[in-house]
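Numbering (the numbering used here), first residue to last: 21 to 579. Read through the structure below, which is laid out as structure tokens, and then see the notes.
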Amino acid sequence: MSGEEKSAPSNFIRQIVDQDLASGKHSAIHTRFPPEPNGYLHIGHAKSIVLNFGIAEDYRGLCNLRFDDTNPQKENVEYVEAIQKDVRWLGYDWDGRLFFASDYFEQLYQFAVELIEKGKAFVCELDYERMRDYRGTLKEPGKNSPYRDRPIAENLDLFQRMRAGEFPDGARVLRARIDMASPNINLRDPVLYRIRHGVVHHQTGAAWCLYPMYDYTHPISDALEGITHSLCTLEFEDHRPFYDWVLDNISIGCHPRQIEFSRLNLEYTVMSKRKLTQLVSEGHVEGWDDPRMPTIAGLRRRGFTPAAIRDFCHRIGITKAENRVEMSVLENCIREDLDAQAPRRMAVLRPLKLVIENYPEGRIEALEVANHPKDEAQGMRKVTMGREIYIDRADFTEVAPNKQWKRLVTGGEVRLRGSYVIRCEAVVKDAQGEIIELRCSYDPATLNANPEGRKVKGVIHWVCAATGVRAEVRLYDRLFTHPTPDAVSGSDFTYLINPASLEVLTDCLVEAALAEATPETPFQFEREGYFTRDPKALGLVFNRTVTLRDSWAKLEQQP
RNA sequence: UGGGGCGUGGCCAAGUGGUUAAGGCACCGGAUUUUGAUUCCGGCAUUCGUAGGUUCGACUCCUACCGCCCCAGCCA
């Protein structure tokens, strides 16, 4: 791999952990990663995973994986399984501490009974509309529900009958009894339980028709698991008073501290689960693991490594500031990792036939070429050379466009990577005037040696016609044409999808050594970028993970 | 004057009263190079949203103002 993994930089949450350890508030740290199984994990989740599991790792603490499965209407097992797979792939292990909020349904119910007994919760019969009206607005206080002062015994009876299934969906709800005039809307008697008949929960089946709300479930789940630091994103900051209220009003001997940090936003992609789901369901992409998706599964299929993703999560930091990270940061992470480890190979994406006229007919040479320019341990491989080879169309032009051009040109010389120096003697065109073949000569004295009396600047890659293998190559570009597609409200953001986000090249020619490539093994196709074999396609198909940095492309833009 | 947050270079982000205001990405030079890659050197905020104030000294403390984000699901 790419050597030692850099340690995670500190951040304000780690500083709080340091203080809690130093003050003796805690002697051990326990975090948790709590996804809702209603979609695949994305790079934003990776930020949270690396934070939570990373802290546990560095402080020799524990991190649980817990599914926040309180809304059976949106959740399913496919996601439960995919999420576990992705967390493992990222390099983390919950050591058997896999939990579901639904594991706690009975306890949650009993705590609700306790709240009722203490006069801290009541059964409300207001319908959706009226409940909204009673809630007030951001600037005006709400009004007490007419059911708010129901006798405890009646609440107890009603709540038990809600569980027993005596009421239809929406007819009754259990609410906390806090303060309808609170300036914090989350404290205006929030709903604790709602009724949902006829849905089969992926974990509890049909055992319940009563489901707890996230705000009520989360603090209790955390406390039950002995979590010390409950890390979540900024939008839950307003909910923290309620998180604390729940734990302060039930008999539970643990009170985790909730700390909020900002979500990750990445340029040219979307991160909201709703939008990602829409991309999949409407067929804008091939699926959750489409290599253009910012999902863990997509990045994996694209050829990203867990180490690069972890590195990225470290580089972007943890703060409370809104942010929108540039793609180049992610790209730099994967390039850095792959440059160090990926064996080099040659692949011609847009083939142009080239015949070396003074090269003996029928002769095939096996040349030894280094697998890596700096890592000798990667050894050498055999690459065959013959009279007919293919080079990339972009590496030849009849007349050099400028003095900086260092590829092949009519009458000019260029080095074939790991092979000889050749000179273009003539160009063959078809009836339409399109170049279909190059006639060249080679200098036999230039194998592993520089030519005498002249210097050849350019080096291009090539593939032997006799042994090269056909392959399909998929080139990916950013999924959106706009840096902040998330800023577009509603569901019409799809018009910002980049029509050129996927380019499929079906006539590529790759060196023979690539025929047995396996998925998730990275290769650098010299002068092109990093590629890995697609795990789903039937034939020999490669996905481009990322291009090489290309300072020539920048020069070309200029006059 | 509803409540809760945030504002350090193009993008992230250190900094927690005494420093020349870290680092990464990006960008701009230049060297090396059988990948226009990598690597290597060098450059890149007299200034920390703005304006005042406290202090011998402020990005760090105080005040006011400005800007941006979140909250009125029986979603999470």
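Don't be surprised by glycine CBs; every beta carbon is placed ideally from N, CA and C.
{"Item": "Cβ-based neighbour list, Y154, same chain, cut-off 7 Å, excluding 5 preceding and 5 following", "Value": "L146, G162, K163, S165"}
{"Item": "Rounded straight-line distance, which links the Cα of P232 to that of E245", "Value": "18 Å"}
{"Item": "Backbone CA spacing between K340 and L178 [nearest angstrom]", "Value": "43 Å"}
{"Item": "Outcome for T51 when other beta-carbon atoms lying within 10 angstroms are tallied against a minimum of 16", "Value": "buried"}
{"Item": "Cβ pair count under 8 Å reaching 3, the segment 45 to 65 against the segment 199 to 215", "Value": "no"}
{"Item": "Bridge partners - Y410, DSSP secondary structure assignment", "Value": "K373, V483"}
{"Item": "Touch test, the segment 536 to 550 against the segment 359 to 374, Cβ-Cβ under 8 Å, three pairs minimum", "Value": "yes"}
{"Item": "Minimum length 4: unbroken alpha helix (DSSP H) runs contained in the segment 336 to 397", "Value": "347 to 361"}
{"Item": "Span of the beta strand (DSSP E) around D527", "Value": "522 to 530"}
{"Item": "Proximal residues to D415 (C-beta, below 7 Å), its chain only, five neighbours per side dropped", "Value": "R427, L428, I480"}
{"Item": "Paired residues, beta bridge with V403 - DSSP", "Value": "L387"}
{"Item": "Collapsed DSSP secondary structure at D415 in the structure displayed", "Value": "helix"}
{"Item": "Environment of M405 [buried if 16+ CB atoms lie within 10 Å]", "Value": "buried"}
{"Item": "G549 - containing beta strand (DSSP E), residue span", "Value": "549 to 553"}
{"Item": "Reference C252; option with closest CA among C229, P276, V266", "Value": "P276"}
{"Item": "Own chain, CB closer than 7 Å to G438, minus 5 neighbours either side, in chain order", "Value": "L387, V389, V403"}
{"Item": "Straight-line Cα distance separating M313 from A28", "Value": "26 Å"}
{"Item": "Test item: CB-CB of I136 and I172 under 8 Å", "Value": "yes"}
{"Item": "Residue span of the beta strand (DSSP E) that contains Q544, given as start and end", "Value": "542 to 545"}
{"Item": "Residue ranges of each beta strand (DSSP E) within the segment 145 to 220, 3 or longer", "Value": "193 to 196, 211 to 215"}
{"Item": "Option in S571, N58, R152 with minimal Cα separation from E98", "Value": "N58"}
{"Item": "Reference A532, options N422, D412, A486, closest by Cα", "Value": "A486"}
{"Item": "Residue burial classification, H334 (beta-carbon count within 10 angstroms, cutoff 16)", "Value": "buried"}
{"Item": "Endpoints, the alpha helix (DSSP H) within which P261 is located", "Value": "260 to 268"}
{"Item": "Continuous alpha helix (DSSP H) assignments of at least 4 residues falling wholly in the segment 34 to 102", "Value": "63 to 78"}
{"Item": "Minimum C-alpha distance to G139 - residue among P188, D199, G185, R192", "Value": "D199"}
{"Item": "DSSP three-state assignment for S461, whether helix, strand or coil", "Value": "strand"}
{"Item": "Cα-Cα separation, Y440 to G431", "Value": "16 Å"}
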